[in-house]
Amino acid sequence: MREGQAGDGPVMGGDELLVLDAAVDDEGFRLFRPAAQGRFLDSFGAIRVRVEGDRVRCRVATGRPQSNISDNVHGGFLMAFVDQVMFCALLAVDRLPRGGAVTLQAGVTFIGPARAGSPVDALVEVVGETGRMLFLRGMIEQDGVTVTSFDGTLRKVKVVPA
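The working numbering puts the sequence shown at residues 498 to 659.
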């Protein structure tokens, strides 16, 4: 996965754009979305993003398409959500490198179930950065109850002059 850099308006990810809308909803969230449709990111629907001090809250709705046979949110969906929100968070705090980044590692620990039909929030923070790496951690909660914790390492992609 290659994502773009934060800044004014759309950002580059390969030859496509990602957008963190300037408009803020009544809860203080902005919409994270691809400018063009037809990619994996579309399977999440709207990911809403809000900066809260040193953390970024990323919220997504869940329903039957994200559920398992127990009517809980499928673990695979939560793991894929983790991979997306690391990039959402970096974009929201203007820390996504100009050339983008790729996921090197993402670890997920399931703590309890999330009910399908209610939104889940990922709370993400950047815990470190080197010349080539970004280190993040966070948790996913539903209605204030932690259901998953995670950590991840992203590698910055060098910009190759044209």
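The beta-carbon is built from N, C-alpha and C at its ideal position, and this holds for glycine as well.
Which same chain residues end up closer than 6 Å to F632 when comparing Cβ atoms and leaving out the 5 residues on each side of it in sequence?
Only V624, G625 and T650 meet the Cβ criterion.
Report the rounded CA-to-CA distance for D618 versus A520, giving the unit in angstroms.
Roughly 20 Å between the two C-alpha positions.
Is the CB-CB distance between R530 and V546 below 8 Å?
No; because the gap between Cβ atoms is not below 8 Å, this pair is not in contact.
When the distance is taken between beta carbons, is P594 closer than 8 Å to V557?
No; because the gap between Cβ atoms is not below 8 Å, this pair is not in contact.
Using the C-alpha atoms, what's the distance from N569 back to T600?
If I take the Cα positions, the gap works out to 26 Å.
By alpha-carbon positions, which one of G525, L620 and D551 ends up nearest to M583?
Comparing Cα positions, the closest option is L620.
Identify every run of the beta strand (DSSP E) within the stretch 551-586, keeping only runs that are complete inside it and at least 3 residues long; order them along the chain.
The qualifying runs are 552-557.
By the three-class DSSP mapping on this structure, what secondary structure does G501 have?
Unreliable placement is indicated for G501, whose pLDDT of 42 sits below 50; no coordinate value is reported for it.
State the DSSP-derived secondary structure class of D618, mapped to helix, strand or coil.
Note: D618 maps to strand in three-state DSSP.
Closest by CA to V573, which one among D591, V590 and S540?
The identity of residue 573 in the sequence shown is Gly, whereas the question assumes Val. If we check each option's Cα against that of G573, S540 comes out closest.
Determine the burial state of T627: buried for a count of at least 16 other Cβ atoms within 10 Å of its Cβ, exposed for fewer.
Exposed, since its Cβ has fewer than 16 Cβ neighbours within 10 Å.
Which residues in the same chain have their Cβ closer than 7 Å to the Cβ of R552, if we skip the five residues on either side of it in sequence?
If we look at R552 and ignore the five residues flanking it on each side, its Cβ neighbours are L620, V621 and E622.
Any idea if G635 is buried or exposed, counting beta-carbon neighbours within 10 angstroms, 16 or more meaning buried?
That one is buried.
Does the separation of the CB atoms of T559 and G614 fall below 8 Å?
The answer is yes: Cβ separation under 8 Å.
So, are the CB atoms of L588 and L538 less than 8 Å apart?
No; because the gap between Cβ atoms is not below 8 Å, this pair is not in contact.
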